[in-house]
Amino acid sequence: MSVRLFNTASRSIELFEPLDAEGRSVKMYTCGPTVYNFAHIGNFRAYIFEDLLQRHLEIRGYDVQRVMNLTDVDDKTIAGCKRCQVPLADFTQQFKDAFFSDLDTLRIKRAAHYPAATEPKYIERMIEMITELQSQDVAYQAEDGSVYFRIARFTKYGQLAHLNLDELRPSGRIQSDEYEKESVGDFALWKAWVPDDGDVFWESPWGRGRPGWHIECSAMATSLLGPQLDIHCGGVDNIFPHHEAEIAQSECITGKQFTKYWLHCAHLMVDGQKMSKSLGNFYSIRDLLERNYSGREIRYALLSVHYRLPLNFTLPGLDAARSALERLDAWGERLRLFASDTPPALGESPAKKRFLEALDEDLNISGALGHLFDWVRESNRALDAGSLTPAEAARVLADFTSLNSILEFEPEAASVPAEVLALVQQREAARSARDWALSDELRADIARLGWQLKDTKLGPQLTRG
RNA sequence: GGCGGGGUCGCCAAGUGGUAAGGCCGAGCUCUGCAAAAGCUCUACCGCGGGUUCGAUUCCCGCCCCCGCCUCCA
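Counting in the numbering used here, the first sequence runs from 3 upward without gaps.
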């Protein structure tokens, strides 16, 4: 039971060994959202991957301390609060709230900390760090008043992304107001106030301004987790320059290797194309809830593809997720009704072992789910044949429950209105009286109230819609 | 141009140097007052062309196509 993970730094799968001398504690930092809008499913693909990683490490006995930052000041948040004519904090708060609500919808386990960039203690820490970098002469203030990191002074810069900086091709994305930099690759640590920033600024040794994006992660990560992290995650697009910058800043300050394992998830596409607002294929979680998909269905769809592979998100894919989950629901329900009350001490089943071993191998979730469904079919067959004992069923159920501490696939408890429940009872009475006409009429009544009723071997079953 | 990921059944997607998991959809069967649900069963020679090998989807070379990054997008 050793976990192996693909490390972007080495471009290979490595045995996971935490820095902690005891080998138990794992420090994990995950780049969080910029709260200028509702996070989209692409963001949540990353967060669900990180959730899977945390939960799997936990089931393997590690004590994971995870931090996720909230970027609540940047160009977009400033533009947004100006547009809405509200204070920055008010503007970002609504999206912070929405973000946490979406996390719950998707059953993503909460990190230990969600530090926000504008918290005074972190602004203070960032200023301290920039001051230190300046004293080391790796940071300098340019004529525009902003402070930049001098990448020429950090020889490792570009190593994570395997980029040769001399060969970098200008991409036209360089801001025209940054011409004061010594080198185009130098990145901002502190951005000088400009009139467009309005009342968004902090006082600093370099005058009014705000922190650059990269320094916030270095400050919050080292403040909360210490100078060295075991795991640092994000989307592939963060590798360069964001994570390079974090390494440069942090290691200049601490003198230690910043992160041991860098994990990055691939992007998500929608209907085979890059998700973008202009293509109209841009989904937030609430967009999908409005289409009557549930959080766990979205979770399944986003979780079931290996994190380093591009995930093609489609609505039919969500329908497939729904069907797959219903199969698991039916299996669980069947086991529950048949299992004995006391799970036998038979130890871990081979199926559970296979599932976890698949995840050990760089989170091979597709392989793991394959084993799960094999297990579903095998135990259903045994139940059909009458060859599964109630005690064995109890063990299967116990192991499935335990795997659900990773998957979180349990059905949502639907709250059925009393009115509907009463009709169901009346119909059951009609059915036992073999009054089929009344029975069908009652089923139609129930349908009119928005519930679909199916007679299963286990009794009437209600579903919404 | 540089770097990276990928092309496996209608769709999604594992995997291995020895003739290909699983899910969805579809079909058949069982069950069933009806409807449905559920369960079982069935469905692929792995982008193209070479090479290495007794044998390649799996290794090597070339090609085609898709996606991403190249200075603040997960």
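C-beta atoms are modelled at their ideal positions from N, C-alpha and C, and glycine is treated no differently.
From the DSSP output, in three-state form, read off residue i for me.
{"i": "TRP453", "result": "strand"}
{"i": "TYR150", "result": "strand"}
{"i": "GLU16", "result": "strand"}
{"i": "VAL69", "result": "strand"}
{"i": "LEU54", "result": "helix"}
{"i": "SER368", "result": "helix"}
{"i": "LEU270", "result": "strand"}
{"i": "SER381", "result": "helix"}
{"i": "ASN294", "result": "coil"}
{"i": "PHE2", "result": "Shown here, the chain extends from 3 to 467; a query on residue 2 therefore has no answer."}
{"i": "ASP22", "result": "coil"}
{"i": "GLN87", "result": "coil"}
{"i": "ARG171", "result": "Interpretation of ARG171 is limited by its pLDDT of 46, a score under 50 that renders its predicted location unreliable; no figure is taken from the coordinates."}
{"i": "THR133", "result": "helix"}
{"i": "ALA326", "result": "helix"}
{"i": "ALA387", "result": "helix"}
{"i": "GLN177", "result": "Confidence in GLN177 is poor, its pLDDT being 45 and thus under 50, which makes the residue's placement unreliable; the coordinate value appears in the next sentence. Looking at GLN177 - three-state DSSP - the assignment turns out to be coil, as it is neither helix nor strand."}
{"i": "ALA416", "result": "coil"}
{"i": "LEU425", "result": "helix"}
{"i": "LEU2", "result": "Outside the displayed span of the chain (3 to 467) sits residue 2, for which this structure offers no information."}
{"i": "ALA118", "result": "strand"}
{"i": "LEU374", "result": "helix"}
{"i": "ALA250", "result": "helix"}
{"i": "SER306", "result": "coil"}
{"i": "ASN166", "result": "coil"}
{"i": "PHE411", "result": "coil"}
{"i": "LEU108", "result": "coil"}
{"i": "LYS78", "result": "helix"}
{"i": "LEU348", "result": "coil"}
Using a Cβ-Cβ cutoff of less than 6 Å, which residues in the same chain neighbour residue i once the five nearest sequence positions on both sides are dropped?
{"i": "ASN283", "result": "VAL272, ASP273 and MET277"}
{"i": "THR107", "result": "ILE287 and GLY297"}
{"i": "ASP289", "result": "none"}
{"i": "LEU270", "result": "GLY44, ARG47, LEU313 and PHE315"}
{"i": "GLY461", "result": "none"}
{"i": "GLU184", "result": "none"}
{"i": "GLN463", "result": "LYS456"}
On the DSSP bridge list, what partners appear for residue i?
{"i": "ARG6", "result": "LEU17 and GLU363"}
{"i": "GLY143", "result": "For clarity, residue 143 is Gln in the given sequence; the question names Gly instead. DSSP output for GLN143 lists VAL149 as bridge partner(s)."}
{"i": "ILE233", "result": "MET30 and TYR263"}
{"i": "GLY211", "result": "ALA194 and TRP204"}
{"i": "GLY466", "result": "In the sequence under discussion, the amino acid at residue 466 is Arg, which differs from the Gly named in the question. DSSP output for ARG466 lists TRP453 as bridge partner(s)."}
{"i": "GLY160", "result": "Answer by DSSP bridge pairing: none, since GLY160 is not bridged."}
{"i": "HIS42", "result": "SER286"}
{"i": "THR458", "result": "GLY461"}
{"i": "THR36", "result": "THR73"}
{"i": "GLN275", "result": "VAL272"}
{"i": "ALA446", "result": "Partner(s): none; ALA446 has no beta bridge."}
Here's a check: name, in chain order, each residue in its chain whose Cβ is nearer than 8 Å to the Cβ of residue i, leaving out the five neighbours to either side.
{"i": "LYS258", "result": "PRO229 and GLN230"}
{"i": "LYS477", "result": "As shown, the chain starts at 3 and ends at 467. That puts residue 477 outside it, with no answer to give."}
{"i": "SER173", "result": "Unreliable placement is indicated for SER173, whose pLDDT of 44 sits below 50; no coordinate value is reported for it."}
I think residue i touches residue j, with their Cβ atoms under 8 Å apart; what is that distance to the nearest whole Å?
{"i": "LEU405", "j": "PHE375", "result": "Not confirmed; about 12 Å, so no contact."}
{"i": "ILE50", "j": "ILE110", "result": "6 Å"}
{"i": "LEU327", "j": "TYR302", "result": "6 Å"}
{"i": "TRP215", "j": "THR73", "result": "7 Å"}
{"i": "LEU451", "j": "GLU421", "result": "7 Å"}
{"i": "PRO122", "j": "LEU226", "result": "Not quite, the Cβ-Cβ distance comes to about 15 Å (not below 8 Å), so this is no contact."}
{"i": "ILE241", "j": "HIS266", "result": "6 Å"}
{"i": "LEU21", "j": "ARG6", "result": "Their Cβ separation, rounded to whole angstroms, is 17 Å, which puts LEU21 and ARG6 out of contact at 8 Å."}
{"i": "PHE101", "j": "PRO35", "result": "6 Å"}
{"i": "VAL69", "j": "VAL202", "result": "In fact, because the Cβ distance is near 24 Å, the residues do not count as touching under 8 Å."}
{"i": "ILE15", "j": "ASP364", "result": "5 Å"}
{"i": "LEU371", "j": "SER381", "result": "About 16 Å separates the two Cβ atoms, so there is no contact after all."}
{"i": "LEU455", "j": "VAL418", "result": "With a Cβ gap of about 10 Å, LEU455 and VAL418 do not count as contacting."}
{"i": "HIS245", "j": "GLY236", "result": "7 Å"}
{"i": "LYS84", "j": "GLY211", "result": "About 17 Å separates the two Cβ atoms, so there is no contact after all."}
{"i": "ALA268", "j": "LEU311", "result": "6 Å"}
With a threshold of 7 Å on Cβ separation, who are the neighbours of residue i within its own chain once the five nearest residues in sequence on each side are excluded?
{"i": "GLU528", "result": "It is not possible to answer for residue 528, since the shown part of the chain is limited to 3 through 467."}
{"i": "GLN428", "result": "LEU444"}
{"i": "ILE217", "result": "MET128, MET131, ILE132, LEU191 and GLN251"}
{"i": "SER140", "result": "Going by the sequence as given, residue 140 is Val instead of Ser. Closer than 7 Å at the Cβ level, and outside the excluded window around VAL140, lie PHE151, ARG152, ARG155, PHE156 and CYS254."}
{"i": "GLU412", "result": "ASN406"}
{"i": "ASP188", "result": "TYR150, PHE151, ARG152 and ILE153"}
{"i": "TYR31", "result": "VAL69, ALA223, LEU227, LEU231 and HIS234"}
{"i": "GLU248", "result": "HIS216, CYS219, SER220 and PHE260"}
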